[in-house]
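Protein chains: 2
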Amino acid sequence: MASVSLRDVAARANVSFQTVSKVLNGKGNVTPATRQRIIEAAEEIGYIPNALARSLQSRSSLTLGVITVDFSNTTPAQFLVGIEREARRHGLSVILSSLEPDGSDCVRYLRVLMERRVDGIIMNAPATEEDEEVGRLLRAGPPSVSLHDIAGGGVPFVGLESEGTAAFPIRHLLALGHRRIAMVTGFRQRHSAQRRTAIYRQVLTEHGLPYDPLLVEDGEWEVEGGYAATHRLLDRAPGITAIYVQNDLMAVGVLNALHERGRRVPDDCSVVGCDDHPVAARTIPPLTTVHMPFFDAGAAAVRLLLERIASRSTPPNDVILPVSMVYRASTASAPEGT
Amino acid sequence: MASVSLRDVAARANVSFQTVSKVLNGKGNVTPATRQRIIEAAEEIGYIPNALARSLQSRSSLTLGVITVDFSNTTPAQFLVGIEREARRHGLSVILSSLEPDGSDCVRYLRVLMERRVDGIIMNAPATEEDEEVGRLLRAGPPSVSLHDIAGGGVPFVGLESEGTAAFPIRHLLALGHRRIAMVTGFRQRHSAQRRTAIYRQVLTEHGLPYDPLLVEDGEWEVEGGYAATHRLLDRAPGITAIYVQNDLMAVGVLNALHERGRRVPDDCSVVGCDDHPVAARTIPPLTTVHMPFFDAGAAAVRLLLERIASRSTPPNDVILPVSMVYRASTASAPEGT
DNA sequence: CATCCCAAGGCGAACGTTCGCCTATGCTGT
DNA sequence: ACAGCATAGGCGAACGTTCGCCTTGGGATG
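Now the structure itself:
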């Protein structure tokens, strides 16, 4: 364990340590005999290269930093897995920093990543989307890409088409004849929730329907939030026949609340989720939802980042991945006479 | 961005670079005036310490390596979050490696972590629990702890009490009068699944009930697996009145299958899950399950690892956290006349 | 007035690499 | 027999730190 270095291998093989370096990296001109001797010596004393020293000298740490929202939820976890896999394919390691819910420690962790000389940074921390300081650091620091908006811009974006995320479900419900379509949103402050709300509104308008704020409730992205929001919604607007829920986790709560209220899904009320969470296929009833290619988005983020690293001057070309509807059993035609 | 170093700061403040190092680390004796000058200089040219160089010199990278199974599932994700939070509290960064389902790339990633001179390694990769090579590397490498068995032993274990994980649910169902209790397991090869099966068997025996292999089905830890397993179970043993499911994700599939078969839960058939997945509180009906403190286990793993690092000779003291039942609406007394 | 001491800061070395250039050796050709 | 040359491998420097010891100079002390 007392770290053996190139020098130790060199001593054992009777060559200079630089020659060992060459052999182990397959570089210089070395006789097969010497090469063999060196490789054996390295093996015998259990040489393990020191990536720290290598990075110091080569000015590249082969490391990506990821700053992410709490990923005990499936959605950000899938992003992360996608990132990690793709990074690995390219021989890069990933340093992970997960943030407090309010994102207040983001600046600190950005600094840590910069001290560690990561080759690039991937952000998935919507809580910091308004934070000017974060934007400044990101623009000044190593190449970066983000899965959400960055204050002040200048950081390329990788993400999922927000248009479809909200428009597909609403159009689907409209086509089924629904007219009183409620919505359970994620945190209202989040740009993504705001965007979906705007699209919801716009699609309704396009179909000549009014936007009624009474039909919109905040579910805070969580199961319990969805549950509570649905109860509030039913108290306030009993006439609704469909609910669009901005993520599947909340939709689980929504289904439960509807069940408690004796509203059959989809007969009395249709529900559309978003995310295509693994559980959505077997909720009761199975959930019609929007499939979001999170793994792919993570992988795409890494690829975009690598491009940025390769040519620092590249124009920041955003990457937007399409989403698609998954039709299951939680939606049906609007009940007669509504 | 062209990395400014201690030397650059030193030049600007008219001192030697070693003095700058001292000041920035609050070490040597330096006049307030000089100190001030140095700090300002550092600020002005945007000095960021190079953690790589620091680690090289100090022989400590302040980094933990984590090797984990795919964490797009909530359970391993919670472990990871627990690990990351606790590591951060101690000023450590986490390098993440997630494995292929078969764990075949574990050895490769262990090597990467060792090259990067991580201060310790945390394993959560049950797929490798039989892998001798992994055991060897772990014993030879930096201090490590594991959340599962390691072939050949010698690595301290952190985990959740497996006794209660299976015994609590079975005893609960027995107390409700159930006699034909089926079980949906995770991957049969996994030690944790085997242990739970053994406990299931033992508790039944203690209550004078036979162990019937026809009542046990493999659900492969996934929603769909639980769904399919339940259909097989009902085809084969229609008389069952309760099912213990080794995780909540599979339980979602189980509930759905029971619903499809027209078996009311809990009136016709009780279901107990395991994990206390966020979704379990709002399945239909809400799921009685075993709460597992995964976050805490992750944090405990880090603390144990730090102890190991501090005193390498410490006897490997396993840490086992207790689990507890959460009673919800998916269990009830066995139907009359069974 | 010589001595001693202490505070402030300089300096060399080391951590483990990679890189580019230099040297020694032995072989070819005439 | 000797110039010329390719080839194997050595060597110095650099990457950016930290650490411990050394030097300098000024003020207190006898």
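As given, the protein sequences belong to chains Z and V, one line each in that order. Each residue of the first sequence is one higher than the one before, starting from 1 at the first, in our numbering. Each residue of the second sequence is one higher than the one before, starting from 1001 at the first, in our numbering. Ideal Cβ positions, reconstructed from N, Cα and C, are used throughout, including at glycine. None of these values were measured; they are calculated from a predicted model.
- Residue range 1191-1206 is occupied by the alpha helix (DSSP H) that includes V:ILE1199.
- A straight line joining the alpha-carbon of V:ILE1150 with that of V:ASP1105 spans about 16 Å.
- Within the model, the alpha-carbon separation for Z:SER3 versus Z:GLY253 is close to 54 Å.
- Contact of Z:LEU96 with chain V by beta-carbon distance below 7 Å involves GLU1084, VAL1094 and LEU1096.
- Residue burial annotation: Z:TYR211 is exposed, with fewer than 16 other C-beta atoms found within 10 angstroms of its C-beta.
- Taking CB atoms only, Z:SER16 has no neighbour in chain V less than 7 Å away.
- With respect to chain V, the C-beta atom of Z:TYR47 has no partner C-beta closer than 7 Å.
- In summary, V:GLU1129 is buried, with 16 or more beta-carbon neighbours lying within 10 Å of its beta-carbon over all protein chains present.
- Secondary structure note for Z:GLU217: its beta strand (DSSP E) is the uninterrupted segment 216-218.
- Z:TYR327 is bridged by DSSP to nothing; it lacks a bridge partner.
- For Z:GLY298 and Z:ARG117, the gap between their C-alpha atoms comes out near 21 Å.
- With its beta carbon less than 7 Å from one in chain V, Z:VAL81 belongs to the interface.
- DSSP, read as helix, strand or coil, puts Z:ALA182 in strand.
- Z:ILE240 is not a Cβ neighbour of Z:ARG179, given a cutoff of 7 Å.
- Within the model, the alpha-carbon separation for Z:ARG195 versus V:ALA1329 is close to 37 Å.
- At least one CB atom of chain Z sits nearer than 7 Å to the CB of V:VAL1252.
- The straight-line gap separating the alpha-carbon atoms of Z:ALA125 and Z:LEU24 is approximately 41 Å.
- Around the Cβ of V:ASN1317, a 10 Å sphere holds fewer than 16 other Cβ atoms; the residue is exposed.
- Between Z:ARG201 and Z:LEU234 a beta carbon distance of about 21 Å is seen, past the 8 Å cut, so the two are scored as non-contacting.
- Residues of the stretch 1067-1078 of chain V with a C-beta less than 8 Å from any C-beta of chain Z: ASP1070, PHE1071, SER1072, ASN1073, THR1074, ALA1077 and GLN1078, listed in chain order.
- For Z:VAL216, same chain residues with a beta-carbon under 6 Å away, outside a window of 5 residues either side, are MET183 in chain order.
- About 10 Å separates the beta carbon of V:ILE1199 from that of V:TYR1244, a gap too long to meet the 8 Å contact definition.
- Within 7 Å of the CB of V:SER1021, no CB atom of chain Z is found; the nearest one sits about 14 Å away.
- Only residues of its own chain outside the window of five on either side were considered, and among them ASP119 have a CB closer than 7 Å to the CB of Z:SER60, listed in chain order.
- For V:LEU1113, no pairing in a beta bridge is given by DSSP.
- Secondary structure note for Z:TYR244: its beta strand (DSSP E) is the uninterrupted segment 242-245.
- Cβ-Cβ separation between V:LEU1092 and V:THR1063: approximately 6 Å, consistent with a contact (criterion under 8 Å).
- DSSP places Z:GLY46 in the coil class of the three-state scheme, outside both helix and strand.
- Listed as beta-bridge partners of Z:THR68 by DSSP are Z:SER98 and Z:ASN124.
- Nearest CB-CB separation between V:ARG1116 and chain Z: below the 7 Å threshold.
- Distance check between Z:GLY153 and each of Z:GLU44, Z:GLY135, Z:GLY28 and Z:THR75 places Z:GLY135 closest, using alpha-carbon atoms only.
- Looking from the CA of Z:ASN256, the closest CA among V:LEU1321, V:ARG1054 and V:ARG1282 belongs to V:ARG1282.
- DSSP places Z:ILE83 in the uninterrupted alpha helix (DSSP H) bounded by 74-89.
- In terms of beta-carbon proximity, Z:VAL279 lines the interface with chain V, with at least one pair separated by less than 7 Å.
- Within chain V, no residue has its CB atom less than 9 Å from the CB of Z:LEU234, the nearest being about 16 Å off.
- For the stretch 150-167 of chain Z, there are no residues whose beta carbon sits under 7 Å from a beta carbon of chain V.
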